[in-house]
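Notes follow the structure.
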Amino acid sequence: MECVEEICANPSLEDIRKEIDEKDVEFVRFEFGDLHGIARSKIIPARHFREKSCKGINIPIAHLGMDCRGSPVAEAKYISQGDYCDAVWTPDLSTFRVLPWCDNTARVILEPTLKGKPVDMFPRTLARKQVGRLTKMGLSLLTAHEHEFYIVDRKTGQPLTQDYNLRATVRNYTDPLLIRSLMQALTAVGVDAEMMDTEKSPGQVEITYKPAFGIQAADNAYTYKTTIKEVAMQRGYVASFMSKPWAELNGSSAHVCHSLWDSTQQRPLLYAEDQPFGLSKIGCHWIAGLLVHAPALSILMAPTVNCLKRFEANSFAPYNVTWGLDNRTCALRVKVGGGADTYIENRMGASGSNPYLTLAATIAAGIDGIKRELVPPQPIANNAYLPGNVPADTAILPATMDEALEAFSQDDVIRSALGEEFMNEFCVLKMHEMKEYNEAKLKQDSKWEYKMYFEYI
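Residue numbers (the numbering used here): 6 to 462.
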């Protein structure tokens with residue numbers, strides 16, 4: 006699991022001004038991901054970039070209290086206050102990227118402050134805080150999210166491919182210009198596309214990319230999703246990261262593939278040739294932390310009522326709290342390839358997840374495993390879906406949002422790491438979502454999930 010080189014390390018405003026001039030940038034999108042990971046933005050003429058970058062721009066903090074469709078949730082903190090006050094949003098200049106599919110336009114990612122203080126519950130801020138905790142321990146995390154997604158024709162609703170022939174080469178050429186455009190656009194914005202294939206279900210695609218260290222990994226995943234959606238839209242398609250748009254088809258995942266390194270980002274720490282399974286002691290502690298907190302993490306890895314429908318037996322999505330060596334039926338699939346090629350694939354992640362939150366939760370759980378020197382159970386060698394292959398006391402992952410929220414609320418380690426404000430606000434949004442879902446079921450509104458998630462997730 007080798008690292009992709011960073012495109013720019015801490016550029017100055019002058020560096021960006023030069024890039025704006027050289028690449029004829031006329032507009033800059035000041036953009037952020039909300040609690041759902043949905044991109045929201047304001048467009049700024051490039052001539053005002055320096056001023057707005059220094060002073061920040063005003064956007065209501067109430068965006069953190071809205072559902073996936075942008076409707077205010079009355080019980081949410083920044084909605085219930087009633088004043089819809091502005092936060093000041095300032096850019097991280099290292100995220101400046103020229104967008105090749107948007108004429109003369111660039112993008113930069115924002116974080117908010119409220120009354121001069123950081124908004125600790127903001128997903129990117131949360132993730133950076135957890136990355137900082139790792140750094141203080143002399144550690145770093147190399148991560149890539151593996152997203153699957155569906156592509157359908159915007160007018161007809163028909164999927165890009167029409168059959169179930171997994172990875173059949175001919176399926177790649179249904180619209181070769183689309184696939185080429187997607188991969189070229191990703192690489193152009195610093196998400197180094199590595200491989201593409203068609204998944205089993207009609208219209209389902211996966212494009213993987215090189216991993217990155219720290220917060221850049223979550224920035225890459227966020228950028229990946231917005232790039233895929235926008236480029237597909239330009240070609241007349243909808244690309245959706247809704248985890249399970251159709252009950253009869255496969256769900257879409259966002260596996261969190263990661264490995265532990267020292268703080269110099271030069272020495273991988275998971276592999277140890279002389280230890281059982283080729284895993285270091287610190288690596289085993291990290292795995293154990295992920296397993297202990299897996300029930301609590303499930304609501305962040307699969308944050309919608311739709312996402313949770315992936316968690317079922319014989320689906321290649323996890324069903325129970327297990328780990329195994331190159332075992333795709335487990336929650337954690339550990340690939341031991343020696344040195345930099347040893348990594349953990351957390352298969353709990355659904356494509357509808359927010360990469361900033363999955364990164365933050367992964368680090369919080371892993372750190373707890375290291376600090377308490379937790380030891381994982383024996384890896385599962387066979388099909389983890391079969392009861393006879395796993396210990397009788399193996400925990401089952403939450404199957405409903407009620408169960409997932411209860412596990413989340415009762416996990417003191419994750420609660421402490423992410424903070425009470427985030428925990429409370431996130432739970433309010435999820436309980437509201439669950440209430441609306443249940444009301445739709447009573448009304449026999451079978452399209453509620455599709456209307457809520459398909460377009461924007």
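Yeah, the Cβ is synthetic: ideal placement off N, Cα and C, and Gly gets one too.
Fair warning: this is a prediction, and the values are worked out from it, not measured in the lab.
8 Å contact criterion, which residue i and residue j should meet: CB distance rounded
| i | j | result |
| --- | --- | --- |
| Arg112 | Glu36 | 6 Å |
| Val395 | Ala404 | About 17 Å separates the two Cβ atoms, so there is no contact after all. |
| Cys262 | Glu350 | 5 Å |
| Ala400 | Asn325 | 6 Å |
| Ala469 | Leu302 | The question about residue 469 has no answer here: the residues shown for the chain are numbered 6 through 462. |
| Ile462 | Gly357 | 5 Å |
| Leu147 | Phe218 | 5 Å |
| Phe154 | Ser85 | So it is not a contact: roughly 34 Å between Cβ atoms. |
| Tyr442 | Val310 | 5 Å |
| Ala365 | Gln135 | 5 Å |
| Arg352 | Ala318 | Not quite, the Cβ-Cβ distance comes to about 14 Å (not below 8 Å), so this is no contact. |
Cα-Cα separation between residue i and residue j, rounded to whole angstroms
| i | j | result |
| --- | --- | --- |
| Gln239 | Thr161 | 16 Å |
| Ile66 | Ser58 | 18 Å |
| His152 | Thr231 | 12 Å |
| His41 | Leu362 | 9 Å |
| Lys249 | Ala307 | 11 Å |
| Gln163 | Ile233 | 18 Å |
| Glu11 | Ala190 | At Glu11, the pLDDT of 37 sits below 50, so the modelled position is not reliable; the number obtained from the coordinates is stated separately. So the alpha carbons of these two residues sit roughly 17 Å apart. |
| Glu454 | Ser268 | 42 Å |
| Arg272 | Gly343 | 12 Å |
| Ala385 | Thr367 | What sits at residue 385 in the sequence shown is Ile, not Ala. Each residue's Cα considered, the two are about 21 Å apart. |
| Lys446 | Tyr458 | 16 Å |
| Glu7 | Asp88 | Because Glu7 sits at a pLDDT of 44, beneath the cut-off of 50, its placement in the model cannot be relied upon, and the following sentence gives the value as read from the coordinates. Near 48 Å, if we compare the C-alpha coordinates of Asp88 and Glu7. |
| Tyr276 | Ser264 | 10 Å |
| Cys13 | Glu444 | The predicted model places Cys13 with a pLDDT of 38, which falls under 50 and marks its position as unreliable; any figure quoted below should be read in that light. So the alpha carbons of these two residues sit roughly 48 Å apart. |
| Ile114 | Asp224 | 8 Å |
| Leu305 | Leu187 | 27 Å |
| Leu402 | Ala412 | 10 Å |
| Gly515 | His53 | Nothing about residue 515 can be reported from this structure: the residues present for the chain run from 6 to 462 only. |
| Ala198 | Thr192 | 6 Å |
| Gly137 | Leu119 | 21 Å |
| Glu425 | Pro382 | 31 Å |
| Glu116 | Glu56 | 16 Å |
| Asp20 | Phe427 | 35 Å |
| Asn387 | Gly354 | 22 Å |
| His100 | Ser145 | Residue 100 is actually Thr in this sequence, not His. Answer to the nearest angstrom: the Cα atoms are 20 Å apart. |
| Leu165 | Leu104 | 24 Å |
| Pro50 | Thr327 | 51 Å |
| Met436 | Asn429 | 11 Å |
| Tyr83 | Pro96 | 22 Å |
Close-in-space but distant-in-sequence residues of the same chain around residue i (CB under 6 Å, 5 per side omitted)
| i | result |
| --- | --- |
| Leu183 | Arg240 |
| Pro16 | Leu98 |
| Ala226 | His150 and Pro360 |
| Val236 | Trp106, Ser186, Leu187 and Ala190 |
| Val9 | For Val9, the pLDDT reaches just 36, beneath the cut-off of 50, and the residue's location in the model is therefore unreliable, although a value from the coordinates is still provided. Taken in chain order, the residues that qualify are Asp197, Lys215 and Ala217. |
| Cys312 | Ser248, Ala355 and Gly357 |
| Thr110 | Phe32 and Leu104 |
Own chain partners of residue i with C-beta closer than 8 Å, once the 5 adjacent residues on each side are dropped
| i | result |
| --- | --- |
| Asn63 | Asp91, Ala92, Val93 and Trp94 |
| Ala5 | Nothing in the structure corresponds to residue 5, since the chain is present only between 6 and 462. |
| Tyr169 | Lys205, Ser206 and Pro207 |
| Ala173 | Thr203 |
| Ser285 | Leu274, Leu275, Tyr276 and Ala277 |
| Asp125 | Leu131, Lys134, Gly424, Glu426 and Phe427 |
Strand pairing of residue i, partner residues [DSSP]
| i | result |
| --- | --- |
| Arg34 | Ile48 and Arg112 |
| Thr148 | Ala217 and His263 |
| Tyr461 | Paired residues: none, contrary to the question. |
| Met71 | Pro77 |
| Pro5 | Examination of residue 5 is not possible in this model, given that the chain is present from 6 through 462 alone. |
| Leu119 | Lys122 |
| Pro96 | Leu115 |
| Glu153 | Glu211 |
| Asn63 | Val93 |
| Thr203 | Val210 |
| Pro128 | Paired residue(s): none; Pro128 is not in a bridge. |
| Pro164 | Val157 |
| Leu284 | Tyr276 |
| Val103 | Ala111 |
| Ala198 | Tyr214 |
8 Å Cβ cutoff, residue i in contact with chain B
| i | result |
| --- | --- |
| Ala252 | Checking the listed chains, one finds no chain B in this structure; it contains a single protein chain. |
Residues near residue i by beta carbon distance below 7 Å, same chain, minus five either side
| i | result |
| --- | --- |
| Leu379 | His290, Ala293, Gly294 and Val297 |
| Ala44 | Glu36, Gly38 and Thr231 |
| Ile48 | Phe32 and Arg34 |
| Glu27 | none |
For the stretch 318-387, which segments carrying the alpha helix (DSSP H) assignment without a break, of at least 4 residues, lie completely within its bounds, in sequence order? Note on the stretch 318-387: whole alpha helix (DSSP H) runs with a minimum of 4 residues are 360-376, in chain order.
Suppose only complete runs of 3+ residues qualify. What are the beta strand (DSSP E) ranges in the stretch 230-263, listed by chain order? As far as the stretch 230-263 is concerned, its whole beta strand (DSSP E) runs of at least 3 residues are 242-245.
What are the complete beta strand (DSSP E) segments, minimum 3 residues, inside the stretch 375-447? Segments of the beta strand (DSSP E) lying fully in the stretch 375-447: there are none.
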